[in-house]
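Step one of this worksheet: look at the structure below.
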Amino acid sequence: MRLQKTGLIALITFFVVISTPLLLAQTASFSTSLSTNIPRVEYQDIQPLPPQEVDAIVQSNSSVLTLDLDISDRLNKVQSLNNRGLALYQDNQLEEAEQTLGEGIRVWESLPPGLDENDADSLSILETEATTYRLLQKVLIAQNKSDAALEIAERSRARALLELLAARSPKVPNAALTITPPTIEQIQDIAKAHNSTLVEYSIIDEYSTELGQAQESELYIWVIQPTGEITFRKSDLKLLWRKETTTLAEYVGSIRQSLGTLLWGVDSFEGGEVRPFQQLYQVLIEPIADQLPTDPDAHVIFIPQQALLMIPFAPLQDESGKYLLEKHTILTAPAIIALDLTHQARQRIPESVEEWLVVGNPTPMPSEFSPLPQAEREAEAIAALVKTQAITGKVATKPTIVEQMLSSRVIHLATHGILNEKQGLDSGVAFAPTSTDNGWLTAKEILDLKLTAELVVLSACNTGRGRVTGDGFVGLSTSLILSGVSSAIVSLWSIPDSPTAFLMTEFYRLLQQNPDKAQALRQAMLATREKHPALRDWAAFTLIGES
């Protein structure tokens, strides 16, 4: 294994929106946090507004948007707008609800990014911000404005990426990089530029009187064809959990936990039960199956959300037991706008950058980690394929590796990964320590790098996972994309060394024959499945960004 966890067990990974309830609290109060000087949000029970309050709010006059208020006043303002938007929605005054919630989003976006991901008050604000975007999506869908709802879904993701970029040091080149949410026309252009089918998911909650809390109820799905045509579908998420009093995150989390601890395999479900990956297929893929390409070599880029990011799409199974990987060439992305960033990054790579950096089994490791001799053999085999020298053992120090990362086109790191589930930007990968450095390269430090790599492969465990932050995600993979990397391959759970080494060596062998990274990864995963049929051994890796 190549993973060490710290902090609490997290259930949500890779670019994710916190499962905040759609329906807002009736009231909220704000006070100032002494530690962060941002308002503390104290919500009461989350539930639909009662009819008498709906009437009172609807009949009241909405105040004019004022962006010269201080932060505390703006947060009170947006809470008022949220409640009014909810009341108007419940009263079926949809156009007015759309206008009110749009005003609320403008207030959110008037706040400077840079909330502390480790501060509970900041996270509470981020959660509420994400809720505003989702409620507006619901209002738009109720008016059959599915394209406008897609723009709002992307606007929410762009805001989350800005929050992550704000964690950069101001001394870093391009630290002031901004991310502009795409219009529908730009979304169509991105699909055309990638010659790919894009699939974006958005989870919508509703209040459950049985559970006394919000519960995932609907899944909005947009499919954008390479031609630019957009199709909207809905899926009933209650199919996943209505037999059990659990949340979608808990349902998917139990699957991942079993995979990660090697207690569950593909054939462990008995007695006619629908296998979990078949259930997920029914909800995620069946509603749009007719919109996906029939050519298995055609690219499909999934843009998931919330608990859906805890699983890869490759092992989803149709009713006949056929895996999605057998039908499609799969990629993922944190947002459609991120695909524009990775495309631009790919175009900026100088032709002179040709170096390969291959690292395996740095030693010594911190005491809680064991050596990785198989990772060293993996690195040496890959280095031989690409005619370079692997960096292993005590030579693989953090300063040495970081210096070479800045001038490398392809970076392969076969080492231990650490997932800090309390402080996501402290997640990292391990190198050999020096007298002045502990050897850890963290997600925050990666954000501060200016990379020109065409591909980074993190052959370590759970490198695709990260800390939840409102409508975003903090982890190694997203940090790599924002640092200038155009493609990243990461793992979503712990994997034994032997299957990992086989898969990676096969991937690079295939990549020499075909420069399409997504197709090479697909074929390598299929080959690994033949040799190591347990799902946990072949299905964990995903390609993010460019192919």
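Counting the sequence shown from 1 gives a position; my numbering is that position plus 247. Heads up, the beta-carbon is just placed ideally off N, CA and C, and yes, glycines get one too.
Serine 443: which of Ala771, Gln770 and Gln766 sits nearest, CA to CA?
-> Within the sequence shown, numbered from 1, the residue matching residue 443 stands at position 196. The option with the nearest alpha carbon to serine 443 is Gln766.
Taking all protein chains shown into account, do 16 or more other C-beta atoms lie within 10 angstroms of the C-beta of glycine 792, making it buried, or fewer, making it exposed?
-> Taking the first residue of the sequence shown as position 1, residue 792 is located at position 545. Burial call: buried.
Enumerate in chain order the residues of its own chain whose CB-to-CB distance from threonine 430 is below 7 Å, with the five nearest sequence positions on each side excluded.
-> Locating residue 430 in the sequence shown gives position 183, where the first residue counts as 1. Excluding positions up to five away in sequence, the list reads Glu398.
Own chain partners of glutamate 623 with C-beta closer than 7 Å, once the 5 adjacent residues on each side are dropped | Counting from 1 along the sequence shown, the entry for residue 623 is found at position 376. Within the same chain, glutamate 623 has close Cβ partners Gly607, Asn608 and Thr639.
Assigned exposure category for serine 741 - 16 Cβ within 10 Å defines buried = Counting from one through the sequence shown, the residue named residue 741 turns up at place 494. So serine 741 counts as buried.
C-alpha distance - arginine 641 paired with leucine 411, whole-angstrom precision | Translated into positions along the sequence shown, residue 641 becomes position 394. Translated into positions along the sequence shown, residue 411 becomes position 164. Arginine is not the amino acid found at residue 641; the sequence shown has lysine there. So the alpha carbons of these two residues sit roughly 33 Å apart.
Mind the definition here: the region 547-566 touches the region 676-696 only if three or more C-beta pairs lie below 8 Å; say whether that holds.
-> The count of Cβ pairs closer than 8 Å, one atom from the region 547-566 and one from the region 676-696, stays below three, leaving the stretches out of contact.
On the three-state DSSP scale, how would you describe aspartate 684?
-> Position 437 of the sequence shown, counted from the start, is the residue given in the question as residue 684. Three-state result, aspartate 684: strand.
Who are the near neighbours of valine 354 in its chain, counting only those whose CB is closer than 6 Å to its CB and skipping five residues on each side?
-> The sequence position of residue 354 within the sequence shown is 107, counting from 1. Closer than 6 Å at Cβ, skipping near neighbours: Arg321, Lys324 and Val325.
For alanine 561 and alanine 786, believed in contact at Cβ under 8 Å, the rounded distance = On the sequence shown, position 539 is the one that residue 786 refers to. On the sequence shown, position 314 is the one that residue 561 refers to. That pair is a contact at about 5 Å.
For glutamate 465, the nearest candidate out of Pro473, Leu531, Glu350 and Gly475 (CA to CA) = The count along the sequence shown starts at 1 and reaches residue 465 at position 218. The candidate whose alpha carbon is nearest that of glutamate 465 is Leu531.
With DSSP run on the structure shown, which of helix, strand or coil describes aspartate 436?
-> In the sequence shown, the residue the question calls residue 436 occupies position 189. Assignment of aspartate 436 by DSSP, reduced to helix, strand and coil, places it in the helix class.
May I ask you to report which of helix, strand or coil DSSP gives lysine 778?
-> Locating residue 778 in the sequence shown gives position 531, counting from the first residue. Lysine 778 falls in the helix class under three-state DSSP.
DSSP state of valine 600, grouped into three classes?
-> Taking the first residue of the sequence shown as 1, we reach residue 600 at position 353. Coil.
Which whole-angstrom value is the C-beta distance of threonine 635 and tryptophan 603, which I expect to be below 8 Å?
-> Against the sequence shown, residue 635 aligns to sequence position 388. Against the sequence shown, residue 603 aligns to sequence position 356. Yes, threonine 635 and tryptophan 603 are in contact; Cβ-Cβ is about 5 Å, under 8 Å.
Do leucine 750 and alanine 735 have their C-beta atoms within less than 9 Å of each other?
-> Here residue 750 corresponds to residue number 503 of the sequence shown, with the count starting at 1. Here residue 735 corresponds to residue number 488 of the sequence shown, with the count starting at 1. No, the pair does not count as a contact, with Cβ atoms beyond the cut-off.
Kindly list the residues whose CB is nearer than 6 Å to the CB of aspartate 587, restricted to its own chain and excluding five residues on each side of it in sequence; keep chain order.
-> Counted from its first residue, the sequence shown places residue 587 at position 340. Here the set comprises Ile437.
Can you tell me the Cβ-Cβ gap for serine 449 and glutamine 384, rounded? I've got them flagged as a contact below 8 Å.
-> Here residue 449 refers to the residue found at position 202 of the sequence shown. Here residue 384 refers to the residue found at position 137 of the sequence shown. Yes, they are in contact, since the Cβ atoms of serine 449 and glutamine 384 sit about 6 Å apart, within 8 Å.
In whole angstroms, what is the alpha-carbon distance linking threonine 347 and asparagine 330?
-> Sequence index remark: in the sequence shown, residue 347 carries index 100 (1-based). Sequence index remark: in the sequence shown, residue 330 carries index 83 (1-based). Rounded to the nearest angstrom, the two C-alpha atoms are 9 Å apart.
Name the two residues that bound the continuous alpha helix (DSSP H) containing valine 649.
-> Residue numbering aside, residue 649 sits at position 402 when the sequence shown is read from its first letter. Here the alpha helix (DSSP H) through valine 649 covers 645-652.
So is arginine 595 buried or exposed if we call it buried at 16+ other beta carbons inside 10 Å?
-> As a position in the sequence shown, residue 595 is number 348, starting the count at 1. Burial call: exposed.
Quick one: what's got a C-beta closer than 6 Å to valine 600's C-beta in the same chain, skipping five residues either side?
-> Stepping through the sequence shown from its first residue, residue 600 is reached at position 353. Same-chain partners within the cutoff: Arg656 and Thr699.
Who are the near neighbours of proline 680 in its chain, counting only those whose CB is closer than 6 Å to its CB and skipping five residues on each side?
-> The sequence position of residue 680 within the sequence shown is 433, counting from 1. Counting only Cβ-Cβ distances below 6 Å, and skipping sequence neighbours, we find Gly686.
Nearest-angstrom Cα separation, counted from serine 745 out to glutamine 525 = On the sequence shown, residue 525 is found 278 positions in, with the first residue counted as 1. On the sequence shown, residue 745 is found 498 positions in, with the first residue counted as 1. So the alpha carbons of these two residues sit roughly 27 Å apart.
Could you tell me the boundaries of the alpha helix (DSSP H) in which arginine 624 lies?
-> Within the sequence shown, numbered from 1, the residue matching residue 624 stands at position 377. 620-632 is the span of the alpha helix (DSSP H), which, as asked, contains arginine 624.
Quick one: Cα of glutamate 598 to Cα of serine 654, how far?
-> For the purposes of this step, residue 598 is identified with residue 351 of the sequence shown, where counting begins at 1. For the purposes of this step, residue 654 is identified with residue 407 of the sequence shown, where counting begins at 1. C-alpha separation (whole angstroms): 12 Å.
Determine the DSSP secondary structure at glutamate 701, reduced to helix, strand or coil.
-> Counted from its first residue, the sequence shown places residue 701 at position 454. Glutamate 701 falls in the coil class under three-state DSSP.
Where does histidine 441 sit, in a helix, a strand or coil, going by DSSP?
-> To locate residue 441, count along the sequence shown from 1; it is residue 194. Three-state result, histidine 441: helix.
Are phenylalanine 616 and threonine 647 closer than 9 Å when you measure CB to CB?
-> In the sequence shown, counting from the first residue as 1, residue 616 sits at position 369. In the sequence shown, counting from the first residue as 1, residue 647 sits at position 400. Not a contact, by the Cβ cut-off of 9 Å.
Can you tell me whether alanine 396 is buried or exposed, with buried defined as 16 or more other CB within 10 angstroms of its CB?
-> Stepping through the sequence shown from its first residue, residue 396 is reached at position 149. Burial call: buried.
Range of the contiguous alpha helix (DSSP H) that encloses histidine 590 = Taking the sequence shown and counting its residues from 1, one reaches residue 590 at position 343. From DSSP, the alpha helix (DSSP H) with histidine 590 extends over 583-595.
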